[in-house]
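Trainee: So the protein sequences, as listed, match chains A and B. First residue of the first sequence? That's 1 in the numbering used here, and the numbers climb one at a time after it. First residue of the second sequence? That's 1001 in the numbering used here, and the numbers climb one at a time after it. No residue lacks a Cβ here, since even glycine has one placed at the ideal position from N, Cα and C. The structure displayed is predicted, hence computed values, not measured ones.
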Amino acid sequence: MNLFRLAGDMSHLFSIVLILLKIYTSKSCAGLSMKTQELYTLVFVTRYLDLFYSYVSLYNTVMKLIFLASSFGILWYMRYHKQVKQTYDREQDTFRHYILVVPCAVLALIVNNELSVTEVLWTFSIYLEAVAILPQLVLLQRTKNVDNLTGQYIFFLGAYRALYILNWIYRYWTEPKYRQYLVWAAGLVQTGLYADFFYYYLKSWQAGEKLRLP
Amino acid sequence: DSLASTKDEL
């Protein structure tokens, strides 16, 4: 495993720690999109089905279990925790799941490496992950009040895929058999979706202010 | 050997 990949994973993990920290310490999930959290949970469930039939490393297994458990944990807080659930922006978080889930499912059925149940589900998870942040970005645009932790959460989530791109470039040159065109295309789309956010995030950071969206 | 057989990323 190269340093880009490790840094990417740590950035991903850190973004989840931030969100749990925000919810736990402030007992609030204001500004967080439950739709995005549900989509990520669906991503992890469909991708990590391979926990049942393939083993790569202890590191991978532990990380997969952490991602699964934490995404269900976040959802539990937002849905059932007495105080946290009252802070959820239900009226603003109106993005419909099917707008993303259906096209990703159709695309996974058409463009995949192999037409098998596990492979199509895996491909679906790759496509869905690329766009799962959209409800969160829409919510951000609507509410405009972005607290520091939410801003940092989205920043590290975006940084994770950007670091993965560096990891893919590195592996492309060092491992001749490593060619994952589907993943690369989806990863580029995913990182691209953050471009706008990154721009405003860095601008606010440079000015020493809280994140402000136009 | 499928191109995507190495699913060693997260």
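Run down chain B in chain order and give the residues with a C-beta less than 8 Å from the C-beta of Lys64 (chain A).
Mentor: On the first sequence, position 64 is the one that residue 64 (chain A) refers to. The contacting residues are Leu1010.
Trainee: Helix, strand or coil: how does DSSP classify Ser216 (chain A) here?
Mentor: In the structure as shown, chain A starts at 1 and stops at 214, and residue 216 (chain A) therefore has no counterpart that could be examined.
Trainee: Would Ile74 (chain A) pass as a contact of Leu13 (chain A) if the rule is Cβ separation under 8 Å?
Mentor: Translated into positions along the first sequence, residue 74 (chain A) becomes position 74. Translated into positions along the first sequence, residue 13 (chain A) becomes position 13. No; because the gap between Cβ atoms is not below 8 Å, this pair is not in contact.
Trainee: Please work out which residues of its chain come closer than 6 Å, Cβ to Cβ, to Ile16 (chain A), disregarding the five sequence neighbours upstream and downstream, and give them in chain order.
Mentor: In the first sequence, counting from the first residue as 1, residue 16 (chain A) sits at position 16. Only Ser70 meet the Cβ criterion.
Trainee: Here's the rule: buried if 16 or more other CB atoms are within 10 angstroms of the residue's CB, otherwise exposed. What is Glu38 (chain A)?
Mentor: Taking the first sequence and counting its residues from 1, the one referred to as residue 38 (chain A) is at position 38. Per the 10 Å Cβ criterion, buried.
Trainee: So with Cβ pairs under 8 Å, would you call Asn60 (chain A) a contact of chain B?
Mentor: If you number the first sequence from 1, residue 60 (chain A) lands on position 60. Judged by the 8 Å Cβ criterion, Asn60 (chain A) is in contact with chain B.
Trainee: Could you tell me whether any Cβ in chain B is nearer than 8 Å to the Cβ of Val120 (chain A)?
Mentor: Looking up residue 120 (chain A) in the first sequence gives position 120. Chain B contact via Cβ: absent.
Trainee: In chain B, which residues lie less than 7 Å from Arg161 (chain A) when you measure between Cβ atoms?
Mentor: Taking the first residue of the first sequence as position 1, residue 161 (chain A) is located at position 161. Per Cβ cutoff of 7 Å: no residues; Arg161 (chain A) is ~11 Å from chain B at best.
Trainee: Using a C-beta to C-beta distance shorter than 7 Å, which residues of chain B count as neighbours of Val45 (chain A)?
Mentor: Numbered from 1 along the first sequence, position 45 holds the residue referred to as residue 45 (chain A). None at all; the shortest Cβ gap to chain B is about 14 Å.
Trainee: Val146 (chain A) to Pro176 (chain A), Cα distance in whole Å?
Mentor: Taking the first sequence and counting its residues from 1, one reaches residue 146 (chain A) at position 146. Taking the first sequence and counting its residues from 1, one reaches residue 176 (chain A) at position 176. Computed Cα separation, rounded: 44 Å.
Trainee: Can you give me the C-alpha to C-alpha distance between Leu166 (chain A) and Tyr160 (chain A), rounded to a whole angstrom?
Mentor: Along the first sequence, read from residue 1 onward, the residue named residue 166 (chain A) stands at position 166. Along the first sequence, read from residue 1 onward, the residue named residue 160 (chain A) stands at position 160. Distance between the alpha carbons of Leu166 (chain A) and Tyr160 (chain A): 10 Å.
Trainee: So, is the C-beta of Arg96 (chain A) closer than 8 Å to a C-beta in chain B?
Mentor: Taking the first sequence and counting its residues from 1, the one referred to as residue 96 (chain A) is at position 96. No - not a single Cβ of chain B is within 8 Å of the one on Arg96 (chain A).
Trainee: Taking Tyr157 (chain A) as the reference, which of A:Gln180, A:Ala132 and A:Arg171 has the closest Cα?
Mentor: Residue mapping note: residue 157 (chain A) aligns to position 157 of the first sequence, counting from 1. For the sequence presented, residue 157 (chain A) should be read as Leu rather than Tyr. The residue with the shortest Cα to Cα distance from Leu157 (chain A) is A:Ala132.
Trainee: Grab the span of the alpha helix (DSSP H) containing Tyr160 (chain A) for me, first residue to last.
Mentor: Translated into positions along the first sequence, residue 160 (chain A) becomes position 160. Asn148 to Thr174 is the span of the alpha helix (DSSP H), which, as asked, contains Tyr160 (chain A).
Trainee: Please report the Cβ distance between Thr25 (chain A) and Phe124 (chain A), rounded to the nearest whole angstrom; I am assuming they are in contact, meaning their Cβ atoms lie under 8 Å.
Mentor: Here the question's residue 25 (chain A) lines up with position 25 in the first sequence. Here the question's residue 124 (chain A) lines up with position 124 in the first sequence. So it is not a contact: roughly 35 Å between Cβ atoms.
Trainee: Measuring CB atoms only, is the segment 42 to 56 of chain A touching the segment 176 to 196 of chain A, in the sense that at least three cross pairs come out at less than 8 Å?
Mentor: Verdict: no, contact absent.
Trainee: Kindly indicate which three-state DSSP category Cys29 (chain A) falls into: helix, strand or coil?
Mentor: As a first step, residue 29 (chain A) is located in the first sequence; it is residue number 29 there, counting from the start. Residue state, collapsed to three classes: coil.
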